[in-house]
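Going by my numbering, the first residue of the sequence shown is number 119, and it counts up by one from there.
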Amino acid sequence: MKHISSRDNPAVKALVKLAGLAGRRGASVLLDGVHLCRAWLDHHGLPEQAVFDAERLDQPELAALAAALPSERCLALDARLMQSLASVESGQGVAFVVAPPAPALPGAVDENCVLFDRIQDPGNVGTLLRTCAAAGVKRVFLATGTAAAWSPKVLRSGQGAHFALAIHEHVDLAALLPRLRAPLVATALDGASDLYRTALPARCAWVFGHEGQGVDAGLLAAAALKVRIPHDAQAVESLNVGAAAAICLFEQRRQHWGAGS
119 MKHISSRDNP
129 AVKALVKLAG
139 LAGRRGASVL
149 LDGVHLCRAW
159 LDHHGLPEQA
169 VFDAERLDQP
179 ELAALAAALP
189 SERCLALDAR
199 LMQSLASVES
209 GQGVAFVVAP
219 PAPALPGAVD
229 ENCVLFDRIQ
239 DPGNVGTLLR
249 TCAAAGVKRV
259 FLATGTAAAW
269 SPKVLRSGQG
279 AHFALAIHEH
289 VDLAALLPRL
299 RAPLVATALD
309 GASDLYRTAL
319 PARCAWVFGH
329 EGQGVDAGLL
339 AAAALKVRIP
349 HDAQAVESLN
359 VGAAAAICLF
369 EQRRQHWGAG
379 S
């Protein structure tokens with residue numbers, strides 16, 4: 119494993135630049151921390167490159183990760199250089215450089231899925247990905263304008279959910295609609311049925327919308343079913359999109375629990 123101590127090293131400069139791209143389209147990404155790196159190994163195999171804090175390589179978790187990788191793909195950086203790559207103030211001493219999966223759009227979508235309509239807050243996107251995975255959803259579609267799924271903040275909020283999902287980014291949701299074989303279901307305030315009084319289909323294409331604007335009007339018009347979540351509107355006007363999605367997805371799961379959902 120090559121040890122680097124200079125900030126001027128070309129490899130370090132390339133890593134710092136990559137960290138600044140924060141999951142932009144077409145770029146490789148940095149997975150920061152033992153949990154995400156181990157999940158990548160388990161689900162996708164070897165990274166393009168692995169970077170370790172040279173001063174922490176004697177820690178058992180880091181040593182085990184390093185032992186599982188070809189030495190020519192590994193770099194050991196001085197602690198101050200490693201910290202410049204970390205997505206949080208106190209990094210865990212390891213990062214993988216990976217090319218995020220980019221699955222092709224299926225010709226037909228006949229499974230439970232979730233459409234993210236311009237959800238901009240990375241924390242909300244990560245929370246929603248985590249909720250989808252926990253509720254048994256396997257496929258999600260992120261519209262253009264949604265926070266980058268593989269950005270550091272979304273990865274942290276997702277807590278490994280990325281590895282349980284087929285994530286399609288930069289999707290034209292209107293163009294996706296003809297491929298859906300499950301009914302489109304949206305949350306709305308007007309003209310919507312009470313979620314808890316509605317028989318939800320076993321398979322739905324749920325759409326959750328922009329934090330301020332809600333679901334796009336065209337998608338709302340195309341929805342086969344609109345539901346609202348009863349809540350104390352005098353206390354709060356609306357629910358956070360992550361909370362709303364969790365309520366909807368787990369109500370659907372509850373209704374169909376006996377069917378193996």
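The C-beta atom is built at its ideal place from N, Cα and C for all residues, glycine as well.
All figures in this text were calculated on a predicted structure; none of them were measured in a lab.
As assigned by DSSP and simplified to three states, the class of residue i
i    : result
S422 : Outside the modelled stretch of the chain, which goes from 119 to 379, sits residue 422, for which no answer is possible.
H153 : helix
A265 : coil
K131 : helix
D160 : helix
A323 : strand
V272 : helix
L223 : coil
C294 : According to the sequence displayed, residue 294 carries Leu and not Cys. Looking at L294 - three-state DSSP - the assignment turns out to be helix.
P178 : helix
A362 : helix
G211 : coil
V354 : coil
P240 : helix
Q277 : coil
R371 : helix
S202 : coil
T245 : helix
L338 : helix
E190 : helix
Bridge partners - residue i, DSSP secondary structure assignment
i    : result
T305 : V345
I122 : L195
R257 : C231 and A284
V216 : V147
D171 : L195
G332 : H328
V289 : A261
Residue i: CB within 7 Å of a non-hydrogen atom of the ligand ATP
i    : result
A266 : For the structure depicted, the ligand ATP is absent and the ligand set is empty, with no information on it obtainable.
Inter-residue CB distance, residue i and residue j (contact presumed, cutoff 8 Å)
i    : j    : result
L148 : L136 : 6 Å
P296 : K271 : With a Cβ gap of about 33 Å, P296 and K271 do not count as contacting.
E166 : V216 : 6 Å
A340 : R321 : That belief does not hold up - the Cβ atoms of A340 and R321 are roughly 17 Å apart, past 8 Å.
Contact with chain E by residue i, beta-carbon distance below 8 Å
i    : result
D228 : The structure shown contains no chain E; it is built from a single protein chain.
For the structure I just gave you, are there three or more beta carbon pairs, one from the segment 249–261 and one from the segment 125–138, closer than 8 Å?
Under the Cβ criterion (8 Å, minimum of three pairs), the segment 249–261 does not count as touching the segment 125–138.
The segment 288–300 in contact with the segment 268–280 per 3-pair CB rule at 8 Å:
In short, these stretches do not touch, since the Cβ pair count stays below three.
Quick test of the definition: if touching needs 3 or more C-beta pairs under 8 Å, does the segment 171–185 touch the segment 195–214?
As far as the Cβ criterion goes, the segment 171–185 touches the segment 195–214, which means the pair count is three or higher.
With a cut-off of 8 Å, do at least 3 Cβ pairs link the segment 189–200 to the segment 219–228?
No, they do not touch.
Between the segment 328–337 and the segment 226–239, are three or more C-beta pairs nearer than 8 Å?
Yes: at least three Cβ pairs fall under 8 Å.
Mind the definition here: the segment 342–350 touches the segment 297–316 only if three or more C-beta pairs lie below 8 Å; say whether that holds.
Enough Cβ pairs lie closer than 8 Å, so yes.
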